[in-house]
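Engineer: Below is one structure. I have some questions about it.
Numbering (the working numbering), first residue to last: 9 to 348.
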């Protein structure tokens with residue numbers, strides 16, 4: 009949510025001094041790392057492993073399962089479209105999509121990809137330590153309160169912040185016949201949660217929340233929300249001046265053992281992926297295609313239409329049969345020709 013008056017916020021304590029986290033030694037196995045932490049791959053750009061989970065508790069919801077596995081609402085529901093959100097049912101096997109393609113940007117500081125509702129943090133490591141990335145689900149601005157794009161930096165970390173409702177909140181309260189408070193002190197009613205990291209973009213923060221079920225959705229007034237435990241885990245390790253790159257990358261291209269992979273998310277506020285996003289994806293495919301393989305762009309078209317956030321392999325174009333005309337005039341092949 010927008011916080012134009014955040015610099016005048018009253019706080020119980022101020023903590024922005026960097027505190028280094030002891031990085032995992034190179035011999036540590038990935039399975040022993042904290043939730044959301046992964047060693048950077050020596051080759052390629054894939055982290056994590058997809059998994060399944062069998063529901064054992066009748067009271068479990070998909071949201072509960074998502075939180076326990078470092079996932080957001082939409083990540084979980086898109087991966088399990090046939091499963092009830094509120095009553096998955098004991099014995100139901102659900103997909104747990106904990107495999108990610110790293111965004112195609114510089115791996116430094118904080119990278120926020122609003123298209124996938126996920127934050128990536130690349131902490132500095134000492135010599136001899138394993139380079140790593142941490143990734144967490146987030147909530148972003150709802151329609152009309154878009155989260156801004158671009159490169160900025162963190163400016164201050166505030167623990168137990170007070171919240172000063174912006175004018176938009178006051179107007180909405182007035183329309184309901186209510187009066188918004190002038191300030192909400194730290195506590196369970198504070199929508200910022202217990203931790204706030206102020207960004208260089210005026211009025212925008214990375215902060216916790218008192219409504220964790222909204223993580224993985226477009227529900228804020230433009231700020232980046234994190235689960236309380238997640239922001240607490242990085243709060244003291246992100247010093248003032250850390251670069252924050254907010255991007256919108258709905259189509260990600262990955263490579264693993266020579267196999268091209270696609271991870272696509274629905275474009276924000278649009279019905280279809282833009283020609284720019286599609287052309288960029290095709291260009292990245294062709295740049296890595298040392299063997300000159302002709303990709304199946306009809307399959308790519310199907311994956312983009314689905315855009316469920318799951319990583320899928322992209323196969324070579326099938327050989328045409330004698331009965332088929334190989335002159336395919338799809339937009340994807342036209343874009344391939346234009347980008348070559």
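Backbone N, C-alpha and C define an ideal beta-carbon position, used for all residues, glycine too.
All values derive from a computational prediction rather than experimental measurement.
Please report the straight-line C-alpha distance between residue 20 and residue 169, rounded to a whole angstrom.
Structural biologist: Legend: pLDDT at residue 20 = 37, less than 50; position of this residue unreliable, value from coordinates given subsequently. When rounded, the distance between both Cα atoms is 7 Å.
Engineer: Please classify residue 93 as buried or exposed, where buried requires at least 16 neighbouring CB atoms within 10 angstroms.
Structural biologist: Its Cβ having fewer than 16 others within 10 Å, residue 93 is exposed.
Engineer: Apply the 10 Å Cβ neighbour rule to residue 261 and answer buried if 16 or more other Cβ atoms are within range, or exposed otherwise.
Structural biologist: The residue in question, residue 261, is buried, as its Cβ has 16 or more Cβ neighbours within 10 Å.
Engineer: Can you tell me whether DSSP reads residue 233 as helix, strand or coil?
Structural biologist: If DSSP states are grouped into helix, strand and coil, residue 233 belongs with the strands.
Engineer: Please state whether DSSP places residue 287 in a helix, a strand or coil.
Structural biologist: Note: residue 287 maps to helix in three-state DSSP.
Engineer: Can the beta-carbon of residue 223 be found less than 7 Å from the beta-carbon of residue 80?
Structural biologist: A contact, by the Cβ cut-off of 7 Å.
Engineer: Pairing CB atoms from the region 192-210 with CB atoms from the region 231-246, are three or more of them under 8 Å?
Structural biologist: Taking 8 Å as the limit for Cβ pairs, the verdict is that the region 231-246 does touch the region 192-210.
Engineer: How would you write the range of the beta strand (DSSP E) that residue 410 sits in, first residue to last?
Structural biologist: The chain is shown from 9 up to 348; residue 410 falls before or after that span and cannot be answered.
Engineer: Of the residues 310, 227, 209 and 156, which one's Cα is nearest the Cα of residue 163?
Structural biologist: The shortest Cα separation from residue 163 among 310, 227, 209 and 156 belongs to 209.
Engineer: Taking Cβ to Cβ, would you say residue 131 is nearer than 7 Å to residue 121?
Structural biologist: Cβ distance not < 7 Å, so residue 131 and residue 121 don't count as in contact.
Engineer: Tell me whether residue 294 sits in a helix, a strand or coil according to DSSP, three-state version.
Structural biologist: Correct three-state label for residue 294: helix.
Engineer: Hey, could you find the ends of the beta strand (DSSP E) residue 228 is sitting in?
Structural biologist: Where residue 228 is concerned, the enclosing beta strand (DSSP E) stretches over 226-228.
Engineer: DSSP beta-bridge partners for residue 77?
Structural biologist: Per DSSP, none; premise fails for residue 77.
Engineer: Count the other CB atoms, across all protein chains shown, that sit within 10 Å of the CB of residue 60; report buried if there are 16 or more and exposed otherwise.
Structural biologist: Residue 60 comes out exposed.
Engineer: Does residue 35 come out as helix, strand or coil in the three-state DSSP assignment?
Structural biologist: Unreliable positioning characterises residue 35 in this predicted model, as indicated by a pLDDT of 41, which lies under 50. A coordinate reading is not provided.
Engineer: Out of curiosity, what's the CA-to-CA distance linking residue 236 and residue 78?
Structural biologist: C-alpha separation (whole angstroms): 12 Å.
Engineer: Ordered along the chain, which non-local residues of its own chain (more than five positions away) have a Cβ less than 7 Å from that of residue 68?
Structural biologist: Only 96 meet the Cβ criterion.
Engineer: Taking contact to mean at least 3 C-beta pairs separated by less than 8 Å, is the region 138-156 in contact with the region 43-58?
Structural biologist: Contact holds: three or more Cβ-Cβ distances are below 8 Å.
Engineer: Does DSSP put residue 24 in a helix, a strand or coil?
Structural biologist: Because the pLDDT of residue 24 is 36, which lies under 50, any placement of that residue in the model is unreliable, and the number read from its coordinates should be weighed accordingly. Coil at residue 24, not helix or strand.
Engineer: Should residue 119 and residue 253 be called a contact, given that it needs their Cβ atoms to be closer than 7 Å?
Structural biologist: Cβ atoms of residue 119 and residue 253: closer than 7 Å.
Engineer: So within the region 115-180, which uninterrupted beta strand (DSSP E) runs reach at least 3 residues, ignoring any that extend past its ends?
Structural biologist: Fully enclosed beta strand (DSSP E) runs of 3 or longer: 117-121, 126-130, 140-149 and 158-169.
Engineer: I think residue 166 touches residue 204, with their Cβ atoms under 8 Å apart; what is that distance to the nearest whole Å?
Structural biologist: Indeed they touch by this definition, with Cβ atoms about 5 Å apart.
Engineer: Excluding five sequence neighbours on each side, which residues of the same chain lie with their C-beta closer than 6 Å to the C-beta of residue 220?
Structural biologist: If we look at residue 220 and ignore the five residues flanking it on each side, its Cβ neighbours are 235.
Engineer: Just the Cα atoms here: how many angstroms apart are residue 196 and residue 274?
Structural biologist: For residue 196 and residue 274, the distance between alpha carbons rounds to 33 Å.
Engineer: Within a Cβ cutoff of 6 Å, which residues of the same chain sit near residue 98, ignoring the five residues on either side of it in sequence?
Structural biologist: Hits under 6 Å: 63 and 66.
Engineer: My output table needs one value for residue 262: the three-state DSSP class, helix, strand or coil.
Structural biologist: The answer is strand: DSSP assigns residue 262 an E or B state.
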